[in-house]
Amino acid sequence: MDPTKLAALDRDFAGVLLLDLRDLSISATDQLAAASSEQELVVINIGGPDQLDRMPFDSPADDFLVLPTVPGELRHRVERALYRRHGIDTENSIRCRALTIDLANYRVTVAGELVVLTFKEYELLRYLAMNAGRVSTREQLLNRVWGYDYFGGARTVDVHIRRIRSKIEIHGYTFIETVRNVGYRLVASG
């Protein structure tokens, strides 16, 4: 990847840049890592033992993974680097593009900006995020978020969805999709 193209990355980018040192020179890697710091990306260099010897001590990369590796090692290093860099606890948060739901602290951010939601709005968004990509009917949402003993109508779901959208769908993002005559789904990608 050309370092000049890195600046053009969409803000929906996952937040992690993996650089395979077997295909890049050290100077190109440093340029990419430096450019990625402006985008607040976590950089993990990947390579064999011979690439590790060539890495400068002051490399801007967050971590280095020596190949071959055991299953799960890359995931563990990415989670650890995300936590160090952004304070994102991947075990207690849900990320969907620019949307982050901090489950431990009941906080929602979009592109790093805090979004203030009521408790029911938060619970509804959390339920949709935990089922991202799947359609939830209004009836399911009423039962799961409001409870089986709720006597209001299904329109309350529509009203809450509208309020959530007005708060989280800023900067041109679209997170919640309406499936006509069925319900809603949190768009997992795109």
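Heads up: the sequence shown begins at 10 in this note's numbering, then just goes up one per residue. For glycine and all other residues, C-beta sits at the position ideal for the given N, C-alpha and C.
- Task: Starting from the Cα of Tyr108, find the closest Cα among Thr165, Lys176, Gly156 and give me that residue.
- Result: Residue identity differs from the one stated: residue 108 is Leu in this sequence, not Tyr. Checked all of Thr165, Lys176, Gly156; the closest Cα to Leu108 is Lys176.
- Task: Pick out the complete beta strand (DSSP E) segments inside the segment 146-193, 3 residues or longer, and give them in chain order.
- Result: Taking only runs of at least 3 residues, the beta strand (DSSP E) segments lying wholly in the segment 146-193 are 185-188.
- Identify the continuous beta strand (DSSP E) that holds Leu133 and give its terminal residues. It is not in any beta strand (DSSP E) - Leu133 instead sits in the alpha helix (DSSP H) that spans 128-139.
- Query: Helix or strand or just coil, what does DSSP make of Leu27?
  - Reply: Residue state, collapsed to three classes: strand.
- Task: Answer with buried or exposed for Ala197, where buried requires no fewer than 16 other C-beta atoms within 10 angstroms of its C-beta.
- Result: Label assigned to Ala197: exposed.
- Helix, strand or coil: how does DSSP classify Val87 here? The answer is helix: DSSP assigns Val87 an H, G or I state.
- Within the same chain, show all residues whose beta-carbon is closer than 7 angstroms to that of Leu27, passing over the 5 residues directly before and after it, in chain order. Closer than 7 angstroms at Cβ, skipping near neighbours: Ile53, Ile55.
- Message: Alpha carbons only, please: which of Glu88, Thr118, Arg89 is nearest the one belonging to Tyr182?
- Response: Here the closest residue by C-alpha is Thr118.
- Message: Using a Cβ-Cβ cutoff of less than 6 angstroms, which residues in the same chain neighbour Asn140 once the five nearest sequence positions on both sides are dropped?
- Response: None.
- Message: Applying the 10 Å Cβ sphere with the 16-neighbour rule, what's the burial state of Tyr159?
- Response: Exposed.
- Among Ile173, Arg147, His180, the one whose alpha carbon lies nearest that of Arg189: That would be Arg147, whose Cα lies nearest to the Cα of Arg189.
- Query: Using the beta-carbon count (16 or more within 10 Å), is Ile179 buried or exposed?
  - Reply: Exposed: under 16 other Cβ atoms inside 10 Å.
- Is the beta carbon of Thr153 less than 8 angstroms from the beta carbon of Arg194? It should be pointed out that residue 153 corresponds to Arg in this sequence rather than to Thr. Going by C-beta atoms, Arg153 is not nearer than 8 angstroms to Arg194.
- Query: Which first and last residues belong to the beta strand (DSSP E) in which Arg106 is found?
  - Reply: No beta strand (DSSP E) holds Arg106; DSSP gives it neither H nor E.
- Does the Cβ of Arg84 have 16 or more other Cβ atoms within 10 Å, making it buried, or fewer, making it exposed? With fewer than 16 other Cβ atoms within 10 Å, it is exposed.
- Message: I need the boundaries of the beta strand (DSSP E) containing Arg258, first residue and last residue.
- Response: A query on residue 258 cannot be resolved here, the shown segment of the chain reaching from 10 to 199 and no further.
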